[in-house]
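The next block holds one structure in the form of structure tokens; read it before the comments.
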Amino acid sequence: MITQVSLSQPEDVANAIGSAESAFKSWGKTEPSVRAGLLRKLAELIRRDLPILAELESIDVGKPIGEAKDLISHLPLNVSSTLLV
């Protein structure tokens with residue numbers, strides 16, 4: 005087992021949606037250079053944690069570790085290409 009998740013009530017879902025909407029508005033007001041820096045940091049963390057992320061992906065969906073590493077190793081490239089838009 006990776007983790008346990010509590011059952012949610014409708015108000016929990018409403019709170020999560022409200023938080024996501026607020027974060028989205030805040031993200032949109034953030035300077036592009038700051039957003040780019042945060043996305044670069046995300047890509048760096050994905051590269052750093054590739055072994056554990058691949059292991060979790062393998063456990064979650066039954067993918068062989070090699071395939072999971074290959075899939076996840078492309079995520080930083082996706083983040084980088086987002087910065088070009």
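Residues 5 to 89, numbered by the numbering used here, are exactly what the sequence shown covers, in order. Just so it is clear, CB atoms sit at the ideal spot from N, CA and C, and this is done for glycine as well.
Indicate the three-state DSSP secondary structure (helix, strand or coil) for K67 in the structure shown.
-> Position 63 of the sequence shown, counted from the start, is the residue given in the question as residue 67. Three-state result, K67: coil.
Look at S62 and I56 and say whether their C-beta atoms are less than 8 Å apart.
-> Position 58 of the sequence shown holds residue 62. Position 52 of the sequence shown holds residue 56. Their beta carbons are not under 8 Å apart, which means S62 does not touch I56 by this criterion.
Would the beta-carbon of L43 fall within 8 Å of that of V9?
-> Counting from 1 along the sequence shown, the entry for residue 43 is found at position 39. Counting from 1 along the sequence shown, the entry for residue 9 is found at position 5. Going by C-beta atoms, L43 is not nearer than 8 Å to V9.
Unbroken alpha helix (DSSP H) run spanning D16, endpoints | As a working note, residue 16 is residue 12 in the sequence shown. Where D16 is concerned, the enclosing alpha helix (DSSP H) starts and stops at P14 to K33.
Of the residues V65, H78, G41 and K73, the one placed nearest I6, counting alpha carbons only = For the purposes of this step, residue 6 is identified with residue 2 of the sequence shown, where counting begins at 1. Nearest in C-alpha terms to I6, of all of V65, H78, G41 and K73, is V65.
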